[in-house]
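K.L.:
Pasting a structure here, questions to come.
2 protein chains.
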Amino acid sequence: MGKEKVSFNLKTPKGTKDWFGSDGLLRDRIFSTITEVFKRHGATSLDTPVFELRDILAGKYGEDSKLIYDLQDQGGELCSLRYDLTVPFARWLAMNPNVRNIKRYHIAKVYRRDQPAMSKGRMREFYQCDIDFAGANYDPMVPDAEILRIATEVFEELGWKGCYTIKVNHRKILDGLFEVCGVPKEKIRTISSAVDKLDKMPWVDVRREMVDEKGLDGVVADKIETYVVRKGGRELVESLQSDEALLANPSAKTGLEEMALLMDYLEAFDILDKISFDMSLARGLDYYTGVIYEVVTEGSAPAAAPSAGEEAQKIQKKSKGKTKNDDDDDRSNDPSIGVGSIAAGGRYDELVGMFSSRAQIPCVGISFGVDRIFSITKARMGENNRTNKLCDVDVYVMAFGGKGFTGLLKERMEVARRLWDAGLKVEFSYKRKPKPIQQFEAAEANAVPFAVILGEDELAAGQVRVKEMGLDKGHPEKDGVLVNLSTLAEDVKERLERKKTAAAAAAAASSIDADEGGIAKKIEDLDVKEE
Amino acid sequence: MGKEKVSFNLKTPKGTKDWFGSDGLLRDRIFSTITEVFKRHGATSLDTPVFELRDILAGKYGEDSKLIYDLQDQGGELCSLRYDLTVPFARWLAMNPNVRNIKRYHIAKVYRRDQPAMSKGRMREFYQCDIDFAGANYDPMVPDAEILRIATEVFEELGWKGCYTIKVNHRKILDGLFEVCGVPKEKIRTISSAVDKLDKMPWVDVRREMVDEKGLDGVVADKIETYVVRKGGRELVESLQSDEALLANPSAKTGLEEMALLMDYLEAFDILDKISFDMSLARGLDYYTGVIYEVVTEGSAPAAAPSAGEEAQKIQKKSKGKTKNDDDDDRSNDPSIGVGSIAAGGRYDELVGMFSSRAQIPCVGISFGVDRIFSITKARMGENNRTNKLCDVDVYVMAFGGKGFTGLLKERMEVARRLWDAGLKVEFSYKRKPKPIQQFEAAEANAVPFAVILGEDELAAGQVRVKEMGLDKGHPEKDGVLVNLSTLAEDVKERLERKKTAAAAAAAASSIDADEGGIAKKIEDLDVKEE
Chain A
1 MGKEKVSFNL KTPKGTKDWF GSDGLLRDRI FSTITEVFKR HGATSLDTPV
51 FELRDILAGK YGEDSKLIYD LQDQGGELCS LRYDLTVPFA RWLAMNPNVR
101 NIKRYHIAKV YRRDQPAMSK GRMREFYQCD IDFAGANYDP MVPDAEILRI
151 ATEVFEELGW KGCYTIKVNH RKILDGLFEV CGVPKEKIRT ISSAVDKLDK
201 MPWVDVRREM VDEKGLDGVV ADKIETYVVR KGGRELVESL QSDEALLANP
251 SAKTGLEEMA LLMDYLEAFD ILDKISFDMS LARGLDYYTG VIYEVVTEGS
301 APAAAPSAGE EAQKIQKKSK GKTKNDDDDD RSNDPSIGVG SIAAGGRYDE
351 LVGMFSSRAQ IPCVGISFGV DRIFSITKAR MGENNRTNKL CDVDVYVMAF
401 GGKGFTGLLK ERMEVARRLW DAGLKVEFSY KRKPKPIQQF EAAEANAVPF
451 AVILGEDELA AGQVRVKEMG LDKGHPEKDG VLVNLSTLAE DVKERLERKK
501 TAAAAAAAAS SIDADEGGIA KKIEDLDVKE E
Chain B
1 MGKEKVSFNL KTPKGTKDWF GSDGLLRDRI FSTITEVFKR HGATSLDTPV
51 FELRDILAGK YGEDSKLIYD LQDQGGELCS LRYDLTVPFA RWLAMNPNVR
101 NIKRYHIAKV YRRDQPAMSK GRMREFYQCD IDFAGANYDP MVPDAEILRI
151 ATEVFEELGW KGCYTIKVNH RKILDGLFEV CGVPKEKIRT ISSAVDKLDK
201 MPWVDVRREM VDEKGLDGVV ADKIETYVVR KGGRELVESL QSDEALLANP
251 SAKTGLEEMA LLMDYLEAFD ILDKISFDMS LARGLDYYTG VIYEVVTEGS
301 APAAAPSAGE EAQKIQKKSK GKTKNDDDDD RSNDPSIGVG SIAAGGRYDE
351 LVGMFSSRAQ IPCVGISFGV DRIFSITKAR MGENNRTNKL CDVDVYVMAF
401 GGKGFTGLLK ERMEVARRLW DAGLKVEFSY KRKPKPIQQF EAAEANAVPF
451 AVILGEDELA AGQVRVKEMG LDKGHPEKDG VLVNLSTLAE DVKERLERKK
501 TAAAAAAAAS SIDADEGGIA KKIEDLDVKE E
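For the protein sequence lines, the chains are A and B, in the order given.
In terms of the UniProt record's numbering, the first sequence is residues 1 to 531.
In terms of the UniProt record's numbering, the second sequence is residues 1 to 531.
As structure tokens, then:
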């Protein structure tokens, strides 16, 4: 290790960042909310290596394979950084043929050598939060419905009530209606991807792409229009089920039956009101074989040209005809997860079979775009609610004294130890004789709620002073209260509990206001910033 | 995405593994225990990218730099996978000159292209758990003492009471005594690393290395022996402080003063009994500048030739003269963390300055070898306590019925939804008409404690059956009890609470036995397996 000072390029690699402080705290809170929901549904965590054998990733991502990070050939196996969490899961399933039914979740970073757009949250290293149910031991749409239920629980518990919609469609309905309308078989995928743009451009432009660029018969395009502009709930399924042309197509028929079943199950799960059956939703990936879905919020579908003073409208209406970011969240094939929709997924029954012909395991899952969820949540919190605090400390142990004051360092340590023993989060100054102002500033910087103050006379009487930080001047306990050392930990715990209860009550009261447009307002602010 | 089945090499890359199921659950529990302790001391999480610019890592790991994984040059910056968490932290500190005092923790994977030894827990991708206190605003040994307190809290809360010792030494004492004994300045580092082997080989061999291989005067070596074989507590510090030759050396004098101070602070933190001042502890890394330490357990220092029937001895005595694995846990320089000692660290005041001359920030920290801690903990749990369960599910919702039974799928979904709404962890069969045996087997496979059983007649009366799994045949509640749907969630929560309380009481009772040698026995078993 040389002693000379070298001049370094002091930065993180392009498209990567350090997570620290309040951003890291907020992100961890999002992770733990999501994990808690996953566990509530019996899911188990799977942790795979950050790199895979290069062959495992080859041929899974089409032309986006160029975005894969390769490790240098240093002798031995050729490896690449994982590009998503779905392919490693499929590899694991193929390697573990005894596992026939599994609910697995995985929260980890993935890597894509794309052009980063930090302000939009598009990074080269970013987190994905995936949950997938694999296994053949199920009847149609039961696990699929539970995945959608999981999506609602995640967003409800993140506090997004009323601020999100789950768009749902079915690959078999889509394929069937293209056949019924007369789309030639070889054009179905490309016409499907044109339809998927309906949330970004008006029908006339989509039609032009189909007819002028992709050579579709105009009559066929017009037939397609009658279907794909439709969105709704159960009544739309029923209306389509009385469409004889559609019903004559086996794929569409199966798809509609499954969709009706799904609606039934979503009703049992009490989430029907969060669902929009949207016939224009197509999703980019080839590997979906059944139901597909995408969670959108106002924040993920900003207006093309937001008109000031535009009246608040229901999300479902709003999303129609609006422009959304090009960077659509697509769990594997699209390098820009987390910028458009905030979660997306679907059923993919044939991916595992690509690794092993012995292991054909049907799967259904969803991927949450944490970076986008993080940005929106942070914007929603507003400037006022943001803190610079780095951690949640309960107590700062201080000492004051007059002339000849020793600093009471060992005594502060002993008191800290008592409180640690009781499970409390405690800090104290590392100086032998810290000034009062230094100790108060350190406590305030982290918004520590309570100070325990040591004084020589009080200590001699076996007592210390417990002071709640930030009390008004006139408050009777402004200068703290004397507490016996023997009951100190208990006393502080009770005070913390009381303070938390009061804060929760205050938050509940203020969230009533926030629901009245406050959150939507914040999300709109975010969109403006991102343009 | 081609449709052809390709033959894949279905494996993870060499030296890496998937973490799943009960192993993953246990590891997560270790992580959360450690994180909780870290947070109790006001630490904030820092998450850095998995790869760094190649220049950042260059020149930090001496000849072990050959073990660094490089990313392929695909255009743009040259990057490498991180080798430890300390250098990224130092890079972050140098990049954030406004941060002058910080307690940060980081739990993440690091990468070393070493020869893997899976059975010993030596992997190419493995976890490190680091906590480091950086900043100049402290008086000597105060943060150092808190780091040692953190080490004890971690192992106490992992249930290792009485099963570990923290060996402590000070670089300044070591350097001073080498000077006093007459070691030429340029030989101090190499003689120091010979001394560090005293826990692996007897003095005669270490002396031979010093004299024959390293050309040290035999008289000097004999003087060294009088010091480095000594270990003890406070009394050893005091005895050395009356050694006039040592006191005349400024480095040794400072080191001893700091050591005495450390002992004072460790007493205030009530952990003096876990500490062994061990003059042979030298640690490999060049960058340590002050106190150094290493946590050992019987499991991390196996006997060179374990004699059957050897009486149990106090750890401190045991570790003397025993062979420990060559794979010493060294936080940055040794590629095999987590095999020898179970945690290690020290003070390094000059590392950050290698990145920026403006940022000379003193640091002290410790790294926990989670893989080793995992292996020992798993062995301690014993075969009997191990389960194959993949997740902690509270309730399995079932339905039974006679002829014409519909399966009550939607009803099961509704009941599951009620319980999820109450925050409970719930599963049910994804089949429309599951057989009773299938449902029971699914619940038993995950050791789910309670079943909620739906029957058509009972449902009509607004009731379901709550059944505790695994009750004996004669138990009065063997067949479950009828509960109103409206109070179901509450009822199940109460039962879960009661069951947990009972289990905790039973565990407390049995742990008294375990402490009486049970744990040590298990650790010895592990050593045998690892030989």
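Every residue, glycine too, gets a C-beta built ideally from N, C-alpha and C.
Answer with buried or exposed for D330(A), where buried requires no fewer than 16 other C-beta atoms within 10 angstroms of its C-beta.
P.N.:
Residue numbering aside, residue 330(A) sits at position 330 when the first sequence is read from its first letter. The predicted position of D330(A) is uncertain, since its pLDDT is 34 and thus under 50; a value taken from the coordinates is nonetheless stated next. Its Cβ being crowded by 16 or more others within 10 Å, D330(A) is buried.
K.L.:
Check whether the Cβ atoms of A194(B) and V206(B) sit closer than 8 Å, and answer yes or no.
P.N.:
Position 194 of the second sequence, counted from the first residue, corresponds to residue 194(B). Position 206 of the second sequence, counted from the first residue, corresponds to residue 206(B). Taking 8 Å as the Cβ cut-off, A194(B) and V206(B) qualify as a contacting pair.
K.L.:
To the nearest whole angstrom, what separates the beta carbons of V397(A) and A379(A), a pair I think is in contact under 8 Å?
P.N.:
Mapped onto the first sequence, residue 397(A) falls at position 397. Mapped onto the first sequence, residue 379(A) falls at position 379. With 8 Å as the limit, V397(A) and A379(A) do not qualify as a contact, their Cβ atoms being about 37 Å apart.
K.L.:
Any C-beta of chain A within less than 7 Å: which residues of the segment 124-149 of chain B qualify?
P.N.:
The residues in question are E125, N137, Y138, D139, V142, P143.
K.L.:
Going along chain A in order, which residues have a C-beta closer than 9 Å to the C-beta of T487(B)?
P.N.:
Walking along the second sequence from the start, residue 487(B) turns up at place 487. Neighbours of T487(B) on chain A: none; closest Cβ ~19 Å, over 9 Å.
K.L.:
What is the rounded straight-line gap between the Cα of L10(B) and the Cα of D55(A)?
P.N.:
In the second sequence, counting from the first residue as 1, residue 10(B) sits at position 10. In the first sequence, counting from the first residue as 1, residue 55(A) sits at position 55. Taking the straight line joining both Cα atoms gives about 9 Å.
K.L.:
Taking G176(A) and A252(A) to be in contact with their CB atoms under 8 Å, please state how far apart those CB atoms are, rounded to whole angstroms.
P.N.:
Reading the first sequence from its first residue, position 176 is the one you call residue 176(A). Reading the first sequence from its first residue, position 252 is the one you call residue 252(A). Right, their Cβ atoms sit about 3 Å apart.
K.L.:
With a threshold of 8 Å between beta-carbons, can T406(B) be considered close to chain A, or not?
P.N.:
Here the question's residue 406(B) lines up with position 406 in the second sequence. With 8 Å as the cut-off, T406(B) does not count as an interface residue toward chain A.
K.L.:
Is there at least one Cβ from chain B nearer than 8 Å to G338(A)'s Cβ?
P.N.:
For the purposes of this step, residue 338(A) is identified with residue 338 of the first sequence, where counting begins at 1. Reliability fails at G338(A), whose pLDDT of 33 lies under 50, so the model's placement of it is uncertain and no value is given.
K.L.:
Please report the residue range of the beta strand (DSSP E) in which K103(A) lies.
P.N.:
Taking the first sequence and counting its residues from 1, the one referred to as residue 103(A) is at position 103. Here the beta strand (DSSP E) through K103(A) covers 101-111.
K.L.:
Taking 8 Å as the cut-off, does the segment 12-27 of chain B touch the segment 43-62 of chain A (at least 3 CB pairs, one atom from each stretch)?
P.N.:
Segments in contact, yes.
K.L.:
Leaving out five residues on either side along the sequence, give the residues of the same chain with a beta carbon under 7 Å from the beta carbon of L57(A).
P.N.:
Sequence index remark: in the first sequence, residue 57(A) carries index 57 (1-based). Only I68, S80, Y83, V87 meet the Cβ criterion.
K.L.:
Note down, in chain order, all residues in the segment 62-86 of chain B with a beta-carbon under 7 Å from any beta-carbon belonging to chain A.
P.N.:
Going along the segment 62-86 of chain B in chain order, one finds G62, Y69, D70, L71, Q72, Q74, G76, E77, C79 with a Cβ nearer than 7 Å to chain A.
K.L.:
Determine the chain A residues that contact A43(B) at a beta-carbon separation under 8 Å, and present them in chain order.
P.N.:
Here residue 43(B) refers to the residue found at position 43 when the second sequence is read from its first residue. Here the neighbours are C391.
K.L.:
Between R104(B) and R171(B), what straight-line distance do the alpha-carbon atoms span, to the nearest angstrom?
P.N.:
Residue mapping note: residue 104(B) aligns to position 104 of the second sequence, counting from 1. Residue mapping note: residue 171(B) aligns to position 171 of the second sequence, counting from 1. Their backbone Cα atoms lie some 24 Å apart in a straight line.
K.L.:
Given that R432(A) touches chain B, what residues does it touch there, using C-beta distances under 7 Å?
P.N.:
As a first step, residue 432(A) must be located in the first sequence, where it is residue number 432. Near R432(A) (Cβ distances below 7 Å), the residues of chain B are D139.
K.L.:
Where does V483(A) land, buried or exposed, given buried means 16+ other C-beta within 10 angstroms?
P.N.:
Taking the first sequence and counting its residues from 1, one reaches residue 483(A) at position 483. Per the 10 Å Cβ criterion, buried.
K.L.:
When the Cα of I373(B) is compared with those of R149(B), V99(B), I34(B), which residue comes out closest?
P.N.:
Working through the second sequence from its first residue, we reach residue 373(B) at position 373. Out of R149(B), V99(B), I34(B), I34(B) has the C-alpha closest to the C-alpha of I373(B).
K.L.:
List the residues of chain A that V413(B) touches, going by C-beta distances under 7 Å, in chain order.
P.N.:
The count along the second sequence starts at 1 and reaches residue 413(B) at position 413. Before going on, a small fix: residue 413(B) reads as Met here, not Val. Neighbours of M413(B) on chain A, chain order: Y265, A268, F269.
K.L.:
Would you please state the rounded distance, in angstroms, between the beta carbons of Q241(A) and A260(A)? I believe it to be under 8 Å.
P.N.:
For the purposes of this step, residue 241(A) is taken as the residue at position 241 of the first sequence. For the purposes of this step, residue 260(A) is taken as the residue at position 260 of the first sequence. So it is a contact: roughly 7 Å between Cβ atoms.
K.L.:
Within the continuous alpha helix (DSSP H) that includes E125(A), where are the two ends?
P.N.:
Locating residue 125(A) in the first sequence gives position 125, where the first residue counts as 1. It is not in any alpha helix (DSSP H) - E125(A) instead sits in the beta strand (DSSP E) that spans 125-135.
K.L.:
Can you tell which of G255(B), W92(B), L419(B) has the C-alpha that lies nearest to the C-alpha of D270(A)?
P.N.:
For the purposes of this step, residue 270(A) is identified with residue 270 of the first sequence, where counting begins at 1. Per the Cα distances, L419(B).
K.L.:
Return no unless some Cβ of chain B is closer than 8 Å to the Cβ of T48(A).
P.N.:
Within the first sequence, numbered from 1, the residue matching residue 48(A) stands at position 48. Cβ-Cβ to chain B under 8 Å: yes for T48(A).
K.L.:
Touching or not, the segment 276-285 of chain A and the segment 180-196 of chain A, by the rule of three or more beta carbon pairs under 8 Å?
P.N.:
Counting Cβ pairs under 8 Å, three or more are found: they touch.
K.L.:
Comparing the C-beta of P13(A) with each C-beta of chain B, is any distance below 8 Å?
P.N.:
Within the first sequence, residue 13(A) is the residue found at index 13, counting from 1. Yes, P13(A) lies at the interface with chain B (some Cβ there is under 8 Å from its Cβ).
K.L.:
So with CB distances below 8 Å, who are the chain B contacts of D114(A)?
P.N.:
One-based indexing of the first sequence puts residue 114(A) at position 114. By Cβ distance, chain B contributes nothing, its closest Cβ being about 12 Å from D114(A), past 8 Å.
K.L.:
Looking only at its own chain, which residues have a Cβ that is under 6 Å from the Cβ of C129(B), when we skip the five neighbours before and after it?
P.N.:
Mapped onto the second sequence, residue 129(B) falls at position 129. Here the set comprises I34, I107, F368, V370.
K.L.:
Would you please verify whether the beta carbon of M469(B) is less than 8 Å from any beta carbon of chain A?
P.N.:
The residue you call residue 469(B) lines up with position 469 of the second sequence. False, the Cβ-Cβ gap to chain A never drops below 8 Å.
K.L.:
By Cβ distance below 8 Å, which residues in the same chain neighbour V237(B) in space, the five residues on each side in sequence not counted?
P.N.:
For the purposes of this step, residue 237(B) is identified with residue 237 of the second sequence, where counting begins at 1. Excluding residues within five positions, the ones whose Cβ falls inside 8 Å are L256, M259, A260, M263, F277.
K.L.:
Taking the beta carbon of P116(B) as the centre, do at least 16 other beta carbons fall within 10 Å, making it buried, or is it exposed?
P.N.:
Locating residue 116(B) in the second sequence gives position 116, counting from the first residue. Classification for P116(B): buried.
K.L.:
Quick one: what does DSSP say G345(A) is sitting in, helix, strand or coil?
P.N.:
In the first sequence, the residue the question calls residue 345(A) occupies position 345. The answer is strand: DSSP assigns G345(A) an E or B state.
K.L.:
In the structure shown, what three-state DSSP assignment does M398(B) receive?
P.N.:
Here residue 398(B) refers to the residue found at position 398 of the second sequence. Of the three classes helix, strand and coil, the one that applies to M398(B) here is strand, per DSSP.
K.L.:
When burial is assigned at 16 or more other CB atoms within 10 Å of the CB, is P13(A) buried or exposed?
P.N.:
Taking the first residue of the first sequence as position 1, residue 13(A) is located at position 13. So P13(A) counts as buried.
K.L.:
Measure the C-alpha to C-alpha separation of E186(B) and D199(B) and round it to an integer number of angstroms.
P.N.:
In the second sequence, residue 186(B) corresponds to position 186, counting from 1. In the second sequence, residue 199(B) corresponds to position 199, counting from 1. Rounded to whole angstroms, E186(B) to D199(B) spans 24 Å at the Cα level.
K.L.:
Got a sec: which bits of the segment 341-373 of chain A sit with their beta carbon under 8 Å from any beta carbon on chain B, in order along the chain?
P.N.:
Here the close residues are G353, M354, F355, S356, S357.
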